[in-house]
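Chains as they are written, first to last, in the numbering used here: chain A, 1 to 363; chain B, 364 to 653; chain C, 654 to 913. Note that beta-carbon positions come from the ideal geometry of N, C-alpha and C, so glycine has one too. Every value quoted in this text rests on a predicted model; they were computed, and no experiment measured them. See below for the structure under consideration.
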Amino acid sequence: MKNTLFKQIGTLVLAGLALTAMPTQAEAQPKVIRIGVAAPTVGNPPLFTLGSFGIAYTKGWFEEEFKKDGVKLEWTYFKGAGPAVNEALTNHQLDFALQGDLPSVIGRSSGLKTRLIAAATVRTNIYLATPPDSSIKSIKDLKGKRVAIFLGTNMQLVVDRILAANGLSERDLRVVNLDTGSLDAAIATKSVDAAFSFIDLLSLRDKGLAKIVYTNRGSDPTFTRQNALLVTDEFASQYPAATTRVVKALARGAHWVSQEANQPETFLLWSKMGFAESLLREDLSAEPLKAVQSPLLDAFFVSRYKDVAAASYQLKLARNKVEVDSWVDRRYLTEALKQLQLDGFWSPVDAAGKPVTTVASGK
Amino acid sequence: MTAASSIEKAPPPLPTSLPAPGLRLSTLRITALAGDFVKRFGLAATGLILPLLLLALWQHAASQHWIAEQLLPPPALVWQSLVELWGSGDLRSHIAVSLSRIGWSFLIGGSVGLALGFAMGLSRQLKAYLFPTFEVVAQFPVVGWIPLLIIFFGIGEALKISAISIAIVVPIVINTYKGIANIPNALLDVARVYRFDLPQVIARVVVPAALPSLFNGLRQGVMQAWLSLVFVELLAASEGIGYLMVWGRQLLQLDLVVVGMIAVGAIGVLLDVSLRLVEARLQRWRKVAF
Amino acid sequence: MSFIQKHITHRDWRGFVLPVGFLVIWTAVTAAGWVNTKLIVPPSDVIAAAYKYFTSGTFFSGLGASLGRDLAGFVLGSLVGVAFGSLVGLSRWANRLAGPTFHTLKHISLFAWLPLISTWLGQGDGAKIFFVALSAFYPVALGTIEGVQGVARAQVEVARVYAFNARQLLFKLVLPAASPQIIAGLHLALIYAWLATIGSEYLLAKSGPGLGDAVIQGKTAFNVGLVVFGMLLVGLIGYALNRIALRAEARVLRWRGRAS
Numbered sequence: 001m002k003n004t005l006f007k008q009i010g011t012l013v014l015a016g017l018a019l020t021a022m023p024t025q026a027e028a029q030p031k032v033i034r035i036g037v038a039a040p041t042v043g044n045p046p047l048f049t050l051g052s053f054g055i056a057y058t059k060g061w062f063e064e065e066f067k068k069d070g071v072k073l074e075w076t077y078f079k080g081a082g083p084a085v086n087e088a089l090t091n092h093q094l095d096f097a098l099q100g101d102l103p104s105v106i107g108r109s110s111g112l113k114t115r116l117i118a119a120a121t122v123r124t125n126i127y128l129a130t131p132p133d134s135s136i137k138s139i140k141d142l143k144g145k146r147v148a149i150f151l152g153t154n155m156q157l158v159v160d161r162i163l164a165a166n167g168l169s170e171r172d173l174r175v176v177n178l179d180t181g182s183l184d185a186a187i188a189t190k191s192v193d194a195a196f197s198f199i200d201l202l203s204l205r206d207k208g209l210a211k212i213v214y215t216n217r218g219s220d221p222t223f224t225r226q227n228a229l230l231v232t233d234e235f236a237s238q239y240p241a242a243t244t245r246v247v248k249a250l251a252r253g254a255h256w257v258s259q260e261a262n263q264p265e266t267f268l269l270w271s272k273m274g275f276a277e278s279l280l281r282e283d284l285s286a287e288p289l290k291a292v293q294s295p296l297l298d299a300f301f302v303s304r305y306k307d308v309a310a311a312s313y314q315l316k317l318a319r320n321k322v323e324v325d326s327w328v329d330r331r332y333l334t335e336a337l338k339q340l341q342l343d344g345f346w347s348p349v350d351a352a353g354k355p356v357t358t359v360a361s362g363k
Numbered sequence: 364m365t366a367a368s369s370i371e372k373a374p375p376p377l378p379t380s381l382p383a384p385g386l387r388l389s390t391l392r393i394t395a396l397a398g399d400f401v402k403r404f405g406l407a408a409t410g411l412i413l414p415l416l417l418l419a420l421w422q423h424a425a426s427q428h429w430i431a432e433q434l435l436p437p438p439a440l441v442w443q444s445l446v447e448l449w450g451s452g453d454l455r456s457h458i459a460v461s462l463s464r465i466g467w468s469f470l471i472g473g474s475v476g477l478a479l480g481f482a483m484g485l486s487r488q489l490k491a492y493l494f495p496t497f498e499v500v501a502q503f504p505v506v507g508w509i510p511l512l513i514i515f516f517g518i519g520e521a522l523k524i525s526a527i528s529i530a531i532v533v534p535i536v537i538n539t540y541k542g543i544a545n546i547p548n549a550l551l552d553v554a555r556v557y558r559f560d561l562p563q564v565i566a567r568v569v570v571p572a573a574l575p576s577l578f579n580g581l582r583q584g585v586m587q588a589w590l591s592l593v594f595v596e597l598l599a600a601s602e603g604i605g606y607l608m609v610w611g612r613q614l615l616q617l618d619l620v621v622v623g624m625i626a627v628g629a630i631g632v633l634l635d636v637s638l639r640l641v642e643a644r645l646q647r648w649r650k651v652a653f
Numbered sequence: 654m655s656f657i658q659k660h661i662t663h664r665d666w667r668g669f670v671l672p673v674g675f676l677v678i679w680t681a682v683t684a685a686g687w688v689n690t691k692l693i694v695p696p697s698d699v700i701a702a703a704y705k706y707f708t709s710g711t712f713f714s715g716l717g718a719s720l721g722r723d724l725a726g727f728v729l730g731s732l733v734g735v736a737f738g739s740l741v742g743l744s745r746w747a748n749r750l751a752g753p754t755f756h757t758l759k760h761i762s763l764f765a766w767l768p769l770i771s772t773w774l775g776q777g778d779g780a781k782i783f784f785v786a787l788s789a790f791y792p793v794a795l796g797t798i799e800g801v802q803g804v805a806r807a808q809v810e811v812a813r814v815y816a817f818n819a820r821q822l823l824f825k826l827v828l829p830a831a832s833p834q835i836i837a838g839l840h841l842a843l844i845y846a847w848l849a850t851i852g853s854e855y856l857l858a859k860s861g862p863g864l865g866d867a868v869i870q871g872k873t874a875f876n877v878g879l880v881v882f883g884m885l886l887v888g889l890i891g892y893a894l895n896r897i898a899l900r901a902e903a904r905v906l907r908w909r910g911r912a913s
């Protein structure tokens, strides 16, 4: 019973592989496309507005793309984020996943057959906060202090890099593993001396419960976390055209967000996910939205993922070292941008986060 | 004890055909022979049938790839991780940390639970004051307790112990209270006839009569302690069995989760058995008392 | 009508002493500024959170979804628990065969099963209901085993004299005699099922409406007012479920009193 099922899947995959070589018009349409997002929805009716993906979702552009073919989109939002998405992918419950860098590396290292097909909100900033009356003034002062970090998430890898740049390592600190909410509570009650986290710390600061001691914002874009859209090998090889169209909807969102004129509405939509508009604007003040929402799988993106792959292997978070170059598949994005006549709209950035002027888009 | 140790001791690359003769053997033995030897060893063997069958099913499922290897690690991999973690001392230190958390919580939560249960079981007045609040508070979700407890206890051991204690209190209070409330009035009347004072009533009537319920509550308290341990170690810890399991799931290394399950199961059974021994001893004393 | 009147006049005020006293102290210390009100928020913050929650329209869909999962899981888990408990309690064979496994498995945290549950049942309602059922199953099974094994041999002998068949033995003697323990198990199961309902909303990742949302969001954003409100909401609804169950329990036990 099971065996025949697997055989059938095998045949489908083979058929799919054969189809990739064919012109895309001949391709059959999937009945359902299952997309998983490693973030929760808010409210009722459920809202999800985060990033350019959230905007495209809220505007209904994914549905719009597939409406005429009668393809159904099935959305799953995961509160538990990374691990749950990986479990669902392993179980063949998803075709696409929007995931952070570390969880997807962990999934890949454990044998999940996926492809990275578009960046979706890159360069998420990091902050270090302390209680308001703390004497800690810089990263170097953290030596020997109790510092809260959400371990096992992509936050940990960025923190390690920041510490290393300051001649420290996790061992020099008394690291306390706390999830986001508990970490805020710990700073507020002065149970820890400092905490690394993201925009939540800004909201803690505004309540007068913390001060920000360090942020990479505006200084070093390599101390950031990335998100990307993944597709399963199975789906991508069977339905390359449909894959391109999903990327197209995402790119449309990214394009819309990148335009100056849409900023007020963008921030208004984003603020519905729980953080005040002023904080979101502050968090994103260092770079134009166009840069942060660039879907390009450029040198910067690849070098970030390579770092994550190397560090996660070194820290034994991942059992095998993930090879990034063969994981990234730019064909769908290139095709999508061409169809949208957006090639050249975003400029690729190099590994250090500086614009590359000589290379054409996305290649 | 038997079931857990069988999982640990069984060689991992178990041939799938093994449990079948085991089953036939033990049924044969027990049905055919009724000797003392068989009785003693047959009883242990019957308890092993189901775990062995499950182990065989697990091995079979893993080798047939019914479920992706990432989600159902094969027994051999789990065994290997277990040996590695035990050898490096990691597993032992995780167990030690968790056990000390459970121990303190059991002491605190257990005494509070027994006190509350006795108070509400013995005095209708106290029950009227306390029970409604207890019932609301008992249903506060653990997820919500954590931030509040951080405010009062910080993020050290006190946080973990208080959170686990809260979970332990609930089953102990309910079982103790119900055990006492269900004591037949006739028994209490007898005590009145004998003109027992309160300590005597408690020692000679209430405790012996409510003993099974009391221990039921304690055992369920231990169970709840393990459940919430995982929750607590999920949210704020970097060591302990619960943390190991959470970590394993986070990193999609489910063999670590299964190792954690085996450890929790084995320790749980040990605690259960020791509670039963204490109970049996007290039961004897109870018979003497009457 | 008279029932309601009776209910109101007989309302036991003593249960309110503790919460009201607590509320007074809470208001007093936050108003007097003896504590850091950014951490220990005043009751008004909780009321504000409550107002926002109830006006956002998430309440009824959340209540329906959570209660549905809770009851489905509770009923399922309890039925299986009573059946399994009776079997293991009555049959020495079943006890020998399944007892050790059951007593080992019961210690394994429900959390540990999550990856497997989500594998087999996904992350949606099916998985959540199963999770709730599992948490209700253990106390009911334990209570039933305890109760059934406690039925005195003498009583069974008497039943044999009256030539009860197996079904009569089970439904007329064993289960009624074991009902206090079974009901204690059910009572616990009701609480655990409710806790597991909220827990599953946190742990089983598929987003959807549920009453746990308030607590979970409050916790994630460290909004103490919202956390406290969420806990009260969950606690009070759990309390209401319990009241209903206790009334049912009183009825069942009264019936038992008459029957025996």
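Out of A:Lys31, A:Leu98, A:Lys59, A:Met273, which has the shortest C-alpha to C-alpha gap to leucine 73 of chain A?
In the first sequence, counting from the first residue as 1, residue 73 of chain A sits at position 73. Minimum Cα distance to leucine 73 of chain A is reached at A:Lys31.
Determine whether the beta carbon atoms of threonine 409 of chain B and glycine 668 of chain C lie at a separation below 8 Å.
For this step, residue 409 of chain B is matched to residue 46 along the second sequence. For this step, residue 668 of chain C is matched to residue 15 along the third sequence. Result no, Cβ atoms of threonine 409 of chain B and glycine 668 of chain C do not sit closer than 8 Å.
With contact counted as at least three CB pairs below 8 Å, one residue from each stretch, are the region 458–469 of chain B and the region 438–447 of chain B in contact?
In short, these stretches do not touch, since the Cβ pair count stays below three.
So, does the CB of valine 505 of chain B fall closer than 8 Å to a CB anywhere in chain C?
Locating residue 505 of chain B in the second sequence gives position 142, where the first residue counts as 1. Judged by the 8 Å Cβ criterion, valine 505 of chain B is in contact with chain C.
Could you have a look at glycine 353 of chain A and say whether DSSP puts it in helix, strand or coil?
Position 353 of the first sequence, counted from the start, is the residue given in the question as residue 353 of chain A. Coil at glycine 353 of chain A, not helix or strand.
Return no unless some Cβ of chain B is closer than 8 Å to the Cβ of tyrosine 706 of chain C.
For the purposes of this step, residue 706 of chain C is taken as the residue at position 53 of the third sequence. Answer no: the Cβ-Cβ gap between tyrosine 706 of chain C and chain B never drops below 8 Å.
Would you identify the three-state DSSP class for tyrosine 305 of chain A, choosing helix, strand or coil?
Reading the first sequence from its first residue, position 305 is the one you call residue 305 of chain A. Here tyrosine 305 of chain A sits in helix by DSSP.
Less than 8 Å between the CB atoms is what I'm expecting for valine 532 of chain B and valine 568 of chain B, so what's the real figure, rounded?
Taking the first residue of the second sequence as position 1, residue 532 of chain B is located at position 169. Taking the first residue of the second sequence as position 1, residue 568 of chain B is located at position 205. Valine 532 of chain B to valine 568 of chain B, Cβ: 25 Å. No contact.
How close, in whole Å, do the beta carbons of isoleucine 761 of chain C and methionine 624 of chain B come, if the pair is a contact with beta carbons under 8 Å?
Taking the first residue of the third sequence as 1, we reach residue 761 of chain C at position 108. Taking the first residue of the second sequence as 1, we reach residue 624 of chain B at position 261. Indeed, because the Cβ distance is near 5 Å, the residues count as touching under 8 Å.
Closer than 7 Å, Cβ to any Cβ of chain C: which residues of the region 50–79 of chain A, in chain order?
The residues in question are Thr76, Tyr77, Phe78, Lys79.
I want to check one thing, is the minimum distance from the CB of arginine 304 of chain A to the heavy atoms of the ligand PLP below 7 Å?
The model on display carries no ligand, and the ligand PLP is accordingly not part of it.
For arginine 392 of chain B, would you say it is in contact with chain A, using Cβ-to-Cβ distances shorter than 8 Å as the test?
Position 29 of the second sequence, counted from the first residue, corresponds to residue 392 of chain B. A caution first: arginine 392 of chain B carries a pLDDT of 48, below 50, which makes its placement in the model unreliable, though a value can still be read off. Judged by the 8 Å Cβ criterion, arginine 392 of chain B is not in contact with chain A.
Which class does glutamine 427 of chain B belong to by DSSP, given the choice of helix, strand or coil?
For the purposes of this step, residue 427 of chain B is taken as the residue at position 64 of the second sequence. If DSSP states are grouped into helix, strand and coil, glutamine 427 of chain B belongs with coil.
Alpha helix (DSSP H) containing arginine 108 of chain A: first to last residue?
Looking up residue 108 of chain A in the first sequence gives position 108. That run of the alpha helix (DSSP H) goes 101–109.
Measure the CB-CB distance between isoleucine 535 of chain B and leucine 470 of chain B and report whether it falls below 8 Å.
Working through the second sequence from its first residue, we reach residue 535 of chain B at position 172. Working through the second sequence from its first residue, we reach residue 470 of chain B at position 107. Not closer than 8 Å, so no.
Mind pulling the chain A residues with CB within less than 7 Å of arginine 612 of chain B?
The sequence position of residue 612 of chain B within the second sequence is 249, counting from 1. Per Cβ cutoff of 7 Å: Pro83.
Here's the rule I'm using: 16 or more other beta-carbon atoms within 10 Å means buried, otherwise exposed. How should leucine 427 of chain B be labelled?
The residue given as residue 427 of chain B occupies position 64 in the second sequence. Correcting the residue identity first, residue 427 of chain B is glutamine in this sequence and not leucine. By the 10 Å Cβ count, glutamine 427 of chain B comes out exposed.
Taking the alpha-carbon positions, what's the valine 804 of chain C to proline 575 of chain B distance?
Your numbering for residue 804 of chain C matches position 151 in the third sequence. Your numbering for residue 575 of chain B matches position 212 in the second sequence. Taking the straight line from one Cα to the other gives about 13 Å.
Determine, using beta carbons only, whether tryptophan 485 of chain B comes closer than 8 Å to chain A.
For the purposes of this step, residue 485 of chain B is taken as the residue at position 122 of the second sequence. For the sequence presented, residue 485 of chain B should be read as leucine rather than tryptophan. No, because no Cβ of chain A sits closer than 8 Å to the Cβ of leucine 485 of chain B.
Would you say aspartate 665 of chain C faces chain B, with C-beta separation under 8 Å as the test?
In the third sequence, the residue the question calls residue 665 of chain C occupies position 12. It does; some Cβ of chain B falls within 8 Å.
Start and end of the beta strand (DSSP E) containing asparagine 262 of chain A?
Locating residue 262 of chain A in the first sequence gives position 262, counting from the first residue. From DSSP, asparagine 262 of chain A is part of no beta strand (DSSP E); its letter is neither H nor E.
What number of angstroms, rounded off, separates the C-alpha of asparagine 227 of chain A from the C-alpha of methionine 586 of chain B?
What you label residue 227 of chain A is simply residue 227 of the first sequence in a count that begins at 1. What you label residue 586 of chain B is simply residue 223 of the second sequence in a count that begins at 1. If you take the alpha carbons of asparagine 227 of chain A and methionine 586 of chain B, they lie about 39 Å apart.
Measure the beta-carbon distance from phenylalanine 275 of chain A to serine 219 of chain A and round it to whole angstroms, keeping in mind my assumption that it falls under 8 Å.
Position 275 of the first sequence holds residue 275 of chain A. Position 219 of the first sequence holds residue 219 of chain A. In fact, because the Cβ distance is near 22 Å, the residues do not count as touching under 8 Å.
Give me, in chain order, the residues of the same chain whose beta-carbon lies closer than 7 Å to that of isoleucine 693 of chain C; leave out the 5 immediate sequence neighbours on both sides.
One-based indexing of the third sequence puts residue 693 of chain C at position 40. Counting only Cβ-Cβ distances below 7 Å, and skipping sequence neighbours, we find Thr683.
By the criterion of Cβ-Cβ separation under 8 Å, what are the contact partners of tryptophan 847 of chain C in chain B?
As a working note, residue 847 of chain C is residue 194 in the third sequence. The contacting residues are Gln502.
Can you pull out the residues from the region 315–326 of chain A whose beta carbon lies closer than 9 Å to at least one beta carbon of chain B?
From the region 315–326 of chain A, only Lys316, Leu317, Ala318, Arg319 have a Cβ closer than 9 Å to chain B.
Compute the beta-carbon to beta-carbon distance between valine 257 of chain A and threonine 244 of chain A, rounded to the nearest angstrom, for a pair I have assumed lies under 8 Å.
Position 257 of the first sequence, counted from the first residue, corresponds to residue 257 of chain A. Position 244 of the first sequence, counted from the first residue, corresponds to residue 244 of chain A. Incorrect: roughly 20 Å between the Cβ atoms, too far for contact.
CA-CA distance, phenylalanine 198 of chain A and glycine 891 of chain C?
The residue labelled residue 198 of chain A in the question sits at position 198 within the first sequence. The residue labelled residue 891 of chain C in the question sits at position 238 within the third sequence. When rounded, the distance between both Cα atoms is 35 Å.
DSSP three-state call for tryptophan 914 of chain C: helix, strand or coil?
Any property of residue 914 of chain C remains undetermined from this structure, which presents chain C solely from 654 to 913.
Assuming arginine 331 of chain A and valine 231 of chain A are in contact, meaning their beta carbons sit under 8 Å apart, how far apart are those beta carbons, in whole angstroms?
Here residue 331 of chain A is taken as the residue at index 331 of the first sequence, counted from 1. Here residue 231 of chain A is taken as the residue at index 231 of the first sequence, counted from 1. Their Cβ separation, rounded to whole angstroms, is 11 Å, which puts arginine 331 of chain A and valine 231 of chain A out of contact at 8 Å.
In angstroms, rounded to a whole number, what distance separates the CA positions of valine 446 of chain B and glycine 628 of chain B?
Taking the second sequence and counting its residues from 1, one reaches residue 446 of chain B at position 83. Taking the second sequence and counting its residues from 1, one reaches residue 628 of chain B at position 265. Each residue's alpha carbon lies about 17 Å from the other.
Give the secondary structure of leucine 340 of chain A by DSSP, where H, G and I count as helix, E and B as strand, and everything else as coil.
As a working mapping, residue 340 of chain A is identified with position 340 in the first sequence. Coil, per DSSP.
Which partner residues does isoleucine 524 of chain B have in the DSSP bridge list?
Stepping through the second sequence from its first residue, residue 524 of chain B is reached at position 161. In DSSP, isoleucine 524 of chain B forms no bridge with anything.
Who are the Cβ neighbours of glutamate 277 of chain A in its own chain at under 8 Å, not counting the five residues just before and after it?
Start at 1 with the first residue of the first sequence, and residue 277 of chain A comes out as number 277. Cβ neighbours of glutamate 277 of chain A beyond the five flanking positions: Phe267, Leu268, Trp270, Ser271.
Between the region 794–803 of chain C and the region 831–842 of chain C, do three or more beta carbon pairs fall short of 8 Å?
Result yes; three or more Cβ-Cβ pairs closer than 8 Å.
Comparing the C-beta of leucine 607 of chain B with each C-beta of chain C, is any distance below 8 Å?
Locating residue 607 of chain B in the second sequence gives position 244, counting from the first residue. No, leucine 607 of chain B does not count as interfacial toward chain C.
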